[in-house]
Amino acid sequence: MSSLTIRTRLTFWYAAVMAVVMAVLGSGIYLAASFGVRRVADQELTAGANGIEAFLQHKLAIHQMDNLGEELREHASLIPRSRMFRVNDRNGALIYQPANMAFVPLQVPIQDETVILNLVADGRSIRTASRYSHVGSHLFLLQVAVDQTEYKELLMGLAWLLILSAPFAGLLAAAAGYWMSGRMLRPVQLIATTASSIDANHLEKRLLISGTGDELDSLSATINSMLDRIATSYERIKQFTADASHELRSPTAVVRASAEVLLMGESRPEVVQRTLSNIISEADYMTRLIADLLTLARSAPDRGPQAEELFELGESVRALKPRITWLADKKNIRTMISFDDDLLLLQGNQSVAERVLMILVDNAIRYTPSGGTMWVQLWRDEANGGFEVRDNGIGILPQHQEKVFERFYRVDAVRTPGDSGSGLGLSIAKSLTELYGGEISLRSAPGQGSSFIVSFPLAMMPPPDGAILSN
Ligand code: ADP
Numbered sequence: 002m003s004s005l006t007i008r009t010r011l012t013f014w015y016a017a018v019m020a021v022v023m024a025v026l027g028s029g030i031y032l033a034a035s036f037g038v039r040r041v042a043d044q045e046l047t048a049g050a051n052g053i054e055a056f057l058q059h060k061l062a063i064h065q066m067d068n069l070g071e072e073l074r075e076h077a078s079l080i081p082r083s084r085m086f087r088v089n090d091r092n093g094a095l096i097y098q099p100a101n102m103a104f105v106p107l108q109v110p111i112q113d114e115t116v117i118l119n120l121v122a123d124g125r126s127i128r129t130a131s132r133y134s135h136v137g138s139h140l141f142l143l144q145v146a147v148d149q150t151e152y153k154e155l156l157m158g159l160a161w162l163l164i165l166s167a168p169f170a171g172l173l174a175a176a177a178g179y180w181m182s183g184r185m186l187r188p189v190q191l192i193a194t195t196a197s198s199i200d201a202n203h204l205e206k207r208l209l210i211s212g213t214g215d216e217l218d219s220l221s222a223t224i225n226s227m228l229d230r231i232a233t234s235y236e237r238i239k240q241f242t243a244d245a246s247h248e249l250r251s252p253t254a255v256v257r258a259s260a261e262v263l264l265m266g267e268s269r270p271e272v273v274q275r276t277l278s279n280i281i282s283e284a285d286y287m288t289r290l291i292a293d294l295l296t297l298a299r300s301a302p303d304r305g306p307q308a309e310e311l312f313e314l315g316e317s318v319r320a321l322k323p324r325i326t327w328l329a330d331k332k333n334i335r336t337m338i339s340f341d342d343d344l345l346l347l348q349g350n351q352s353v354a355e356r357v358l359m360i361l362v363d364n365a366i367r368y369t370p371s372g373g374t375m376w377v378q379l380w381r382d383e384a385n386g387g388f389e390v391r392d393n394g395i396g397i398l399p400q401h402q403e404k405v406f407e408r409f410y411r412v413d414a415v416r417t418p419g420d421s422g423s424g425l426g427l428s429i430a431k432s433l434t435e436l437y438g439g440e441i442s443l444r445s446a447p448g449q450g451s452s453f454i455v456s457f458p459l460a461m462m463p464p465p466d467g468a469i470l471s472n
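Be aware that the sequence shown starts at 2, since it is given in our numbering, and climbs by one per residue.
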């Protein structure tokens with residue numbers, strides 16, 4: 002059964018259910034009809050016997066019991082010709098019977114019970130009732146009968162009609178079921194055909210939504226949204242691969258060129274020294290680049306907002322202060338880190354906030370000439386809080402300010418070997434911040450410096466225990 006198509010199975014079920022319904026319905030109709038026919042016959046038999054008994058009672062009352070045979074014949078001529086009856090005396094001797102009763106055999110009841118039975122006589126189906134009747138001191142044997150041949154033939158015809166119509170209805174249901182299931186399963190066929198044509202090169206294809214809102218439509222919508230997610234992931238992997246291969250091309254070329262210089266037998270110690278340190282710095286650059294690309298691929302916005310946590314920003318800045326100062330001191334840049342003693346409780350992610358802070362600090366140091374100043378400042382308003390990293394370095398021209406947050410965008414487009422910038426820092430900072438419900442903005446003036454402001458929502462503090470809320 003399991004190897005049959007849904008269409009065949011549905012067709013089979015339609016036919017089977019229809020055949021069963023027809024069998025049950027047909028038997029019911031037949032039984033009800035034959036029961037009805039029998040009840041009408043029995044009523045007729047009882048009425049007939051009662052009528053003859055009443056007639057005999059009447060004859061007794063007017064003392065005309067002598068010539069009962071003749072009286073009954075006259076009586077019979079007044080009643081319908083089809084009425085069949087017979088009157089015998091207590092010894093079984095016939096008193097009267099009309100001609101149409103002659104072929105019906107005599108039935109003798111036991112004691113006072115009425116005997117009803119069906120019999121076939123002279124090719125006719127007869128239902129007959131016999132009973133004893135006490136009329137005064139007289140005892141008569143009354144037998145009445147009804148000819149049911151026509152009814153029986155009708156019932157037989159009905160039975161044949163029902164028996165033959167069951168397989169016919171089954172066949173009809175099978176044909177209708179086959180046609181209907183074919184119609185209903187056509188969209189499934191379409192889904193299968195479309196789905197089989199979707200592969201890595203055709204990930205933009207989508208299943209057709211008919212707009213009926215039925216189960217198949219919602220299945221198509223579900224598959225489509227699954228395809229959307231797969232396409233986005235695939236796009237991200239493609240972007241990662243493309244970015245990585247593009248960005249790794251020049252450092253590998255530098256490494257190769259440096260190695261060739263050494264292979265050619267370069268022996269001047271300062272050249273060997275410089276070439277080797279080129280190789281090391283390019284290797285460092287590549288390691289950082291790959292890590293950055295991975296961070297970006299993992300923090301893609303389509304992953305939806307991440308679970309946020311409560312954190313205290315002052316604690317992070319306090320912990321990072323020595324590192325920030327050390328980095329700035331290396332380039333002779335003054336650091337001004339300021340925060341008040343109040344707790345700054347934010348909603349977001351602590352390690353993300355720290356990572357973003359270090360990216361901005363790193364940039365501020367790199368793009369501020371020696372002797373400059375960098376400020377790290379915590380801030381808060383009614384709804385948000387965060388930090389600002391400001392410097393009085395080279396600044397960013399207005400036309401670059403939007404673009405510096407894009408992947409690989411660098412204001413100075415020519416990356417020189419040994420420079421650690423990859424153009425990914427700010428795009429990582431932005432996507433990480435936004436992933437945890439925060440925002441990042443930039444104010445800058447060329448030659449005067451830049452200020453990056455990071456903001457997270459203030460943490461909602463639950464009311465203190467036992468506090469009564471009033472309007
Ligand atoms: P990079 O690795 O090149 O620093 P980022 O994404 O961090 O990549 O920065 C993109 C560009 O934005 C940088 O190349 C630089 O030109 C500019 N930029 C970033 N921070 C500063 C800053 N504090 N001052 C001046 N320019 C900046």
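Virtual Cβ for every residue (Gly too), placed ideally from N, Cα, C.
- Exposed is the label assigned to residue 202, since fewer than 16 other Cβ atoms lie within 10 Å of its Cβ.
- For the alpha helix (DSSP H) assignment, the uninterrupted runs of no fewer than 4 residues enclosed by the segment 34–86 are, from N- to C-terminal side, 69–79.
- Assigned with DSSP and collapsed to three states, residue 214 falls in coil, not helix or strand.
- In the DSSP assignment, residue 119 falls within the beta strand (DSSP E) that extends over 116–122.
- Taking 8 Å as the upper bound for CB-CB distance, residue 38 and residue 152 are in contact here, some 5 Å apart.
- Contact check between the segment 192–207 and the segment 38–57: fewer than three CB pairs, one atom from each, fall below 8 Å, which does not count as touching.
- Relative to the ligand ADP, residue 212 has its C-beta separated by 6 Å or more from all heavy atoms.
- In the structure shown, residue 368 falls within a coil segment according to DSSP collapsed to helix, strand and coil.
- Taking 6 Å as the cut-off, the C-beta of residue 364 counts as close to a heavy atom of the ligand ADP.
- Shown here, residue 30 sits in a helix according to DSSP, grouped into three states.
- In the displayed model, residue 403 falls within coil according to three-state DSSP, outside both helix and strand.
- Scanning its chain for C-beta atoms nearer than 6 Å, with the 5 sequence neighbours on each side dropped, one finds around residue 394 the residues 368, 369, 373 and 450, in chain order.
- Around the beta carbon of residue 200, a 10 Å sphere encloses fewer than 16 other beta carbons of the protein chains shown; the residue is thus reported as exposed.
- Shortest Cα-Cα distance from residue 311 to any of 387, 250 and 240 involves 387.
- In this structure, residue 16 sits near residue 175, with a CB-CB distance shorter than 7 Å.
- Using a 10 angstroms sphere on the CB of residue 138, the tally of other CB atoms stays under 16, which defines it as exposed.
- Ranked by how close their Cα comes to the Cα of residue 102, the residues 268, 225, 144 and 412 have 144 in first place.
- Under a 10 Å Cβ-count criterion, residue 397 is classified as buried, with 16 or more other Cβ atoms of the shown protein chains found around its own Cβ.
- The way I'd put it, the segment 435–443 does touch the segment 349–357; three or more beta-carbon pairs between them come closer than 8 Å.
- In its chain, beyond the 5 residues on either side, 86, 88 and 143 have a beta carbon closer than 7 Å to the beta carbon of residue 53.
- Around the CB of residue 104, fewer than 16 other CB atoms lie within 10 Å, so the residue is classed as exposed.
- Secondary structure of residue 442 (DSSP, three-state): strand.
- Each of 400, 293, 314 and 286 was checked against the Cα of residue 427, and the nearest Cα belongs to 293.
- Counting the other CB atoms within 10 Å of its CB gives residue 392 a total of 16 or more, which places it among the buried residues.
- Note: residue 452 is bridge-paired with 391 and 444 in the DSSP secondary-structure output.
- Not one heavy atom of the ligand ADP falls within 6 Å of the beta-carbon of residue 358.
- Beta-bridge pairing by DSSP links residue 168 to no other residue.
- Cβ-Cβ distances below 6 Å link residue 248 to 290 in the same chain, with the five nearest sequence neighbours on each side left out; the list follows chain order.
- Here residue 167 is not near residue 62, since their CB atoms are 7 Å or more apart.
- In the DSSP assignment, residue 294 falls within the unbroken alpha helix (DSSP H) covering 270–299.
- In terms of Cβ geometry, residue 430 and residue 360 form a close pair [threshold 7 Å].
- The segment 272–287 and the segment 245–261 touch, with three or more beta-carbon pairs separated by less than 8 Å.
- In the structure shown, residue 378 falls within a strand segment according to DSSP collapsed to helix, strand and coil.
- By the beta-carbon neighbour count (other beta carbons within 10 angstroms, threshold 16), residue 68 is exposed.
- Our two residues, residue 208 and residue 229, have alpha carbons roughly 11 Å apart in a direct line.
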